[in-house]
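Heads up, the sequence shown is in the working numbering, so the first residue is 39 and it goes up one at a time.
Each residue gets a CB set at the ideal place from its N, CA and C atoms; glycine is no exception.
These figures come from a predicted structure and were not determined experimentally.
See structure below.
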Amino acid sequence: MSTTASAARVREWSGEFRPDRRAVREARAAARRLLPRLGYRGELDAPVLIVSELVTNAVEHGSSPEDTALLLRLSVHPCGGLSVEVTDGGNLPAGPPAPPPHPEAESGRGLFLVNALGARTTWEQVATGKKMCAFLPLGGTVPR
């Protein structure tokens with residue numbers, strides 16, 4: 039676990055989690071504990087839920103049994119906004135956004151929920167797999 043502050047005063051933390059269901063609970067707890075220490079001044083429910091959804095997606099759709107870790111990075115920006123990044127070992131691209139799930143489906147709403155909370159989501163292929171990112175502004179609109 040490391041916390042850094044750069045000249046731009048972005049404060050960040052990154053940590054690794056095993057790619058299994060326990061990672062979701064552990065990542066939520068880490069976010070709730072660390073965001074205030076990183077200087078995040080917003081309420082914690084939305085960011086913790088975003089962490090939960092991105093880690094859940096990585097565990098369910100991005101990791102394989104051979105993967106050794108998921109990487110979670112939390113970055114608090116000078117504007118007060120928060121970046122949440124989750125990198126998994128998946129070798130399949132995220133692809134186009136999925137259609138909305140059937141109203142009675144029990145899953146499939148994670149990224150819809152993240153976006154409904156006001157976060158802007160992106161993804162990219164990286165050398166070690168796939169990285170999902172969400173930016174949550176503090177008290178403002180999502181930058182375009």
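- Restricting attention to Glu50, Cys117, Val93, Gly100, the CA atom closest to the CA of Thr166 is found in Gly100.
- The alpha-carbon of Leu109 is positioned some 10 Å away from that of Trp51.
- Annotation for Ser113: Val48, Glu50, Ser121 place their beta carbon closer than 6 Å to its own, counting only its chain and skipping 5 residues before and after.
- By the neighbour-count criterion, in which 16 or more other beta carbons inside 10 Å mark a residue as buried, Ala157 falls on the buried side.
- Just so you know, the alpha carbons of Gly80 and Thr106 end up roughly 32 Å apart.
- Taken atom to atom, the span from the alpha-carbon of Ala84 to that of Phe150 is near 13 Å.
- With contacts defined by Cβ atoms closer than 8 Å, Val86 and Arg66 form a contacting pair.
- Going by DSSP, Ala65 is part of the alpha helix (DSSP H) stretching over 60-75.
- A straight line joining the alpha-carbon of Val97 with that of Asp126 spans about 8 Å.
- Val124 carries a strand assignment under DSSP once its states are collapsed to helix, strand and coil.
- Boundaries of the alpha helix (DSSP H) harbouring Leu149: 148-154, taken from the DSSP string.
- Nearest Cα to Met170 within the set Arg60, Glu64, Gly128, Ala154: Gly128.
- From the listed residues Glu91, Thr159, Leu82, Val62, the smallest Cα separation to Leu176 is found for Leu82.
- DSSP, reduced to helix, strand and coil, places Thr106 outside both helices and strands of the structure shown, so it counts as coil.
- Scanning its chain for C-beta atoms nearer than 6 Å, with the 5 sequence neighbours on each side dropped, one finds around Leu155 the residues Ala84, in chain order.
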